[in-house]
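Structure first, commentary second.
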Amino acid sequence: MTVEPFRNQPIETFGSEEARREMREALKRVRAEFGRHWPLYIGGEWVDTGERIPSLNPSAPSEVVGTVAKAGKAEAEAALEAAWKAFRTWKDWPQEDRSRLLLKAAALMKRRRRELEATLVHEIGKNWTEASAEVAEAIDFLEYYARQALKYKYPSVEVVPYPGEDNESFYLPLGAGVVIAPWNFPLAIFTGMIAGPVAVGNTVVAKPAEDTPVIAAKAFEIFHEAGFPPGVVNLLPGEGREVGAYLVEHPRTRFINFTGSLEVGLWIHQAASRLAPGQRWIKRVFLELGGKDAILVDETADFDLAAEGILVSAYGFQGQKCSAASRLILTEGAYEPVLERVLERARRLTVGPAEENPDLGPVASKAQEEKILSYMEIGKGEGQLVLGGKRLEGEGYFLAPTVFTEVPPTAKIAQEEIFGPVLSVIRVKDFGEALEVANSTVYGLTGGVYSRKREHLERARREFHVGNLYFNRKITGALVGVQPFGGFNLSGTDTKAGGPDYLLHFLEMKSVAERF
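Going by numbering that gives the first Met the number 0, the sequence shown opens with residue 0, and the numbers climb by one from there.
In structure tokens form, the structure reads like this:
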């Protein structure tokens, strides 16, 4: 199989009138299909049920973007059965053939790119560029894993020769697993969590987040059109506490790939560790559980460059990224000049309906809005509110970009993941203390340093304990294949999605020796 080298899909910034026109037309087309219904997808068939899950537009919650069928335990059982049935043959497909299917899906996704971007704008409130970046990442996952999987085709393991024997080792897929995806990257993370295990011969039952089932259904339209055999991928929207929990605890679930909250992730880890009656393996569990990410700025930094990177990292997609900067740690010499620049830029940020392409759209849901507002209230008692801290007018879930200063490192807003447009500013005396504060949470996902001092950068390289560390740039937007993504501590199991080792999580090695 000959394919061109992997290249990241370009992100559209909508600087040209042609791109803006295309996006406006796509937004109208997607709006015209508001209220459309999608069934489940089990064993290659679209299957409806008597119950529906509505997906609301967070910019205008009275608008129903679409509905999907709601699965229960019976549908979960049927999907898992379909996945195991498909595994019998899918595991033996030549790797080249499996990889071609992923590349076909990527090509279809490229053709529907504007539609997918527009769906993200309406369904989860991303502005145009954030939506474009997400679709590009979904395409990247398909393209990258299709190529990476070729490394593991038989025979793929180099072993040491031994006299008088033929020895070989090779990789085998695990079986049928469960993917439970988050609402904040409902196309990119959803696609990547499915594509990785499927690329190397596993089959999947995928449960999208309740807030974002429409974009998941459109991804499955693409998988169906690409020609994935029945049962290789199955779509199962439903409530996490019902179908999600049922699949996690099921004795026939071979692995669980989860991205979401720390609380749910720890429950999954515990539940999956229990041996269910009839279970014949130790389930593999892969978790990505968020962060409390910090940017450190010292007195030698380019303050303007730092302010720009802080703004994008803290307020991109309303701060609803596990990689978002929620702590800003400033040394004495950097405190006043950096804070002044951040506040000046943050005051100019626009907030409004995502369709209008503001800097910040709505947060994801009513529950998300209430959670963030509660942390804003806590912050008023822990630090000094200097910007925002409130809900804005409008039907949608619009929150003001918020900055708290003089925040103690041990404060709740400096320790707990808020997942919103809230930045806690912490003053430290020097770079050594900045590193201590940065490492003082239970998380370890992303972090950043702005400095011109080589000693500080190299010290951070050794001592800043996060899975993804960035120097003199924003701390969000890890690129597939360029910055493998995953965190330390309670940020998860460090699977490094989009990296060269990711597919190994879904394989097991077999060694065979024959003596002559």
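All C-beta atoms in this analysis are idealised placements derived from N, C-alpha and C, irrespective of residue type, glycine included. Given the structure is predicted, the values throughout are model-derived calculations rather than measurements.
Simplified DSSP assignment, three categories, for Q8: Here Q8 sits in coil by DSSP.
Opening and closing residue of the alpha helix (DSSP H) in which H121 lies: Start and end: 112 to 123.
The region 480 to 489 / the region 497 to 506 touching (three or more Cβ pairs under 8 Å): Counting Cβ pairs under 8 Å, three or more are found: they touch.
C-beta contact flag for A78 and T48 at 8 Å: Contact: no.
From R514, E507, I41, residue whose alpha carbon lies closest to that of V156: Of the candidates R514, E507, I41, the one whose C-alpha sits nearest the C-alpha of V156 is E507.
Close-in-space but distant-in-sequence residues of the same chain around P357 (CB under 7 Å, 5 per side omitted): N126, T349, V350, G351, listed in sequence order.
Selected residue, minimal CA-CA separation from E462, among V436, A477, L478: That would be V436, whose Cα lies nearest to the Cα of E462.
Under 8 Å between C-beta atoms of L39 and L235: Yes; because the gap between Cβ atoms is below 8 Å, this pair is in contact.
L173 beta carbon less than 8 Å from that of A253: Going by the sequence as given, residue 253 is Arg instead of Ala. Cβ atoms of R253 and L173: closer than 8 Å.
Separation of V204 from A175, as counted between CA atoms: Their backbone Cα atoms lie some 8 Å apart in a straight line.
Within the region 320 to 353, ranges of the beta strand (DSSP E) (whole runs, at least 3 residues): You should have 324 to 330.
Closest by C-alpha distance to I417, when choosing among D493, T401, G239, G264: The option with the nearest alpha carbon to I417 is T401.
Range covered by the beta strand (DSSP E) that runs through S510: Residues 506 to 514.
Range of the contiguous alpha helix (DSSP H) that encloses Y144: In the DSSP annotation of this structure, the continuous segment of the alpha helix (DSSP H) that includes Y144 starts and ends at 127 to 147.
Run of the beta strand (DSSP E) containing D429, from where it starts to where it stops: First-last for D429: undefined, no H or E at that position.
Nearest candidate by alpha-carbon position, reference I179, set G308, V242, L398: If we check each option's Cα against that of I179, V242 comes out closest.
Same chain, Cβ closer than 6 Å to G34, neighbours up to 5 away in sequence not counted: A distance below 6 Å between beta-carbons, with the five flanking residues on each side excluded, links G34 to the following residues of its chain, in chain order: V63.
Per DSSP, the bridge partner or partners of P357: Looking at the DSSP assignment, P357 forms no beta bridge with any residue, so it has no partner.
Anticipated Cβ contact below 8 Å, E369 with L398, distance rounded: Not really, about 11 Å apart at Cβ, beyond 8 Å.
Residue span of the beta strand (DSSP E) that contains W266, given as start and end: Unbroken run through W266 is the alpha helix (DSSP H), 261 to 272; no beta strand (DSSP E).
L171 - DSSP class collapsed to helix/strand/coil: It is a strand residue.
Nonlocal neighbours in the same chain, by C-beta distance under 7 Å from I309, ignoring five residues either side: Correct list, in chain order: I294, A324, L327, V341.
Nearest-angstrom Cα separation, counted from G318 out to F470: Their Cα atoms are separated by approximately 20 Å.
Residues of its chain near G43, where Cβ-Cβ distance is below 6 Å and the 5 sequence neighbours each way are ignored: Shown here for G43: same chain residues with a beta carbon closer than 6 Å to its own, the five before and five after excluded, namely P229 in chain order.
Ordered list of beta strand (DSSP E) runs contained in the region 186 to 255, each at least 3 residues: Here the runs fully enclosed are 202 to 206, 232 to 234.
Contact between the region 281 to 297 and the region 329 to 339 (3+ Cβ pairs under 8 Å): Three or more Cβ pairs drawn from the region 281 to 297 and the region 329 to 339 lie within less than 8 Å of each other, which places the two stretches in contact.
Rounded separation between F140 and G393 - CA only: In a straight line, the C-alpha of F140 is about 36 Å away from that of G393.
Strand pairing of R461, partner residues [DSSP]: Bridge partners of R461: none, in fact.
Boundaries of the beta strand (DSSP E) in which S54 is found, first to last residue: Note, S54: beta strand (DSSP E), 51 to 56.
Which of helix, strand or coil DSSP assigns to T299: The answer is coil: DSSP assigns T299 none of H, G, I, E or B.
Distance between V199 and L502 (C-alpha atoms, nearest Å): L502 and V199 have their C-alpha atoms roughly 7 Å apart.
Beta-carbon gap between F403 and S373 smaller than 8 Å: For F403 and S373, no; Cβs fall outside 8 Å.
Residue range of the unbroken beta strand (DSSP E) whose run includes D285: Position check: residue 285 holds Phe in this sequence, whereas Asp was assumed. Per DSSP, F285 is one residue of the beta strand (DSSP E) stretching across 283 to 287.
L456 and V465 closer than 8 Å at C-beta: Not in contact: L456 and V465 (Cβ atoms no closer than 8 Å).
A82 and N256 closer than 8 Å at C-beta: No, Cβ-Cβ distance for A82 and N256 is not below 8 Å.
Delimiting residues of the beta strand (DSSP E) encompassing Q317: It is not in any beta strand (DSSP E) - Q317 carries neither H nor E in the DSSP assignment.
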